[in-house]
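What follows is a short report on a single structure.
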Amino acid sequence: MLQVLIVEDEKPISNLIRLSLTKEGCHCTCAFDGAAAADLLVDHHYDLILLDVMLPEIDGFELMEYIRPLEIPVIFLTAKSAVKDRVKGLKLGAEDYIVKPFEVIELLARIDVVLRRYQKTDMVLEIGGLKIDTASMQVWRDEAEISLTKTEYELLLLFARNPRRALYRETIYERVWGEPYPFGSKAVDIHIQRLRKKTGWETCLRAVNKIGYRLEVEP
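Whatever position you read off the sequence shown (first residue = 1), add 487 for the numbering used here.
Quick look at the structure:
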């Protein structure tokens, strides 16, 4: 189980992040000021730190100086949106810098990228009767390999990592195609139809009215 330290002095934001990551199978510890976070780091190991910049006692930039030798990946979460602050955070060694307010699904995606970079994510996912090897990008059902295009595979992985979560068409398109959603596009719907047939997810990959799609399986 991944151990995540959330250093955020705004408790509603901290709780939202904690609940979202707990649903993803992470164990979260929360600290509400920099000094408390530094104390936790003395006696505990973490796989990831989500770090606010503007903190009581010790701010995030100062705390980052202490974290850097520990070689723990850090993502800054902050309202400081100036380019100079982003550059400072990245130069201090952070893996990413996310400006508030942010969508939880974006945060989860950024976390996933960082953890994959550090090889801390599960290399094989088993969900909805499928086995997905994220290292080789191969997919099987009942020992039979399923041939997917790169787009279909990325689409599959998105749903596999977000089970039981309704995803907007716009979000799906932007995450998989990597560009803004073109109004009226049917690309998502067409690829979903193909993915359903290839994977046997005809009944569990469900349309959500006026939103998009949801993978209705147990994580």
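C-beta atoms are modelled at their ideal positions from N, C-alpha and C, and glycine is treated no differently.
Bear in mind the structure is a predicted one, so any value in this text is a computation, not a measurement.
Anticipated Cβ contact below 8 Å, residue i with residue j, distance rounded
i	j	result
I633	T686	6 Å
G580	F563	The Cβ separation is near 10 Å, so there is no contact.
L682	L643	6 Å
E661	L595	Between L595 and E661 the Cβ distance is about 14 Å, and since that is not below 8 Å, they are no contact.
C517	S501	5 Å
When the options are compared against residue i, the one with the closest alpha-carbon
i	options	result
P543	C515, D534, E495	E495
D539	V611, E593, E549	E549
L489	V704, E641, F519, P560	P560
L692	R652, I554, A525, S568	R652
M624	K684, C513, L508, V611	V611
A647	I698, N502, L617	L617
A522	I545, R656, E590	I545
V600	D526, K578, R701, E582	E582
T638	I659, E630, R628	I659
L602	R628, Y533, E630, P499	Y533
F589	I504, D629, V626	I504
For residue i, the residue or residues it bridges with in DSSP
i	result
R693	R701
F563	L538, Y584
D620	V611, Q625
H532	According to DSSP, which records beta bridges pairwise, H532 is partnered with nothing at all.
Q680	DSSP output for Q680 lists no bridge partner at all.
E632	W627
Status (buried if at least 16 other CB within 10 Å, exposed otherwise) for residue i
i	result
A694	exposed
N696	exposed
M551	buried
T636	exposed
G576	buried
R555	exposed
Beta-carbon proximity of residue i to residue j, cut-off 8 Å
i	j	result
I493	L528	no
P650	V704	yes
V491	L535	yes
Y668	E657	yes
I619	Y655	no
I677	Y700	no
K578	M541	no
A565	K587	At residue 565 the sequence reads Thr, which differs from the Ala that was named. Yes, the pair counts as a contact, with Cβ atoms nearer than the cut-off.
R597	I585	yes
Min CB distance residue i to chain D below 8 Å
i	result
S623	Going by chain labels, chain D is absent from the structure shown, which holds only one protein chain.
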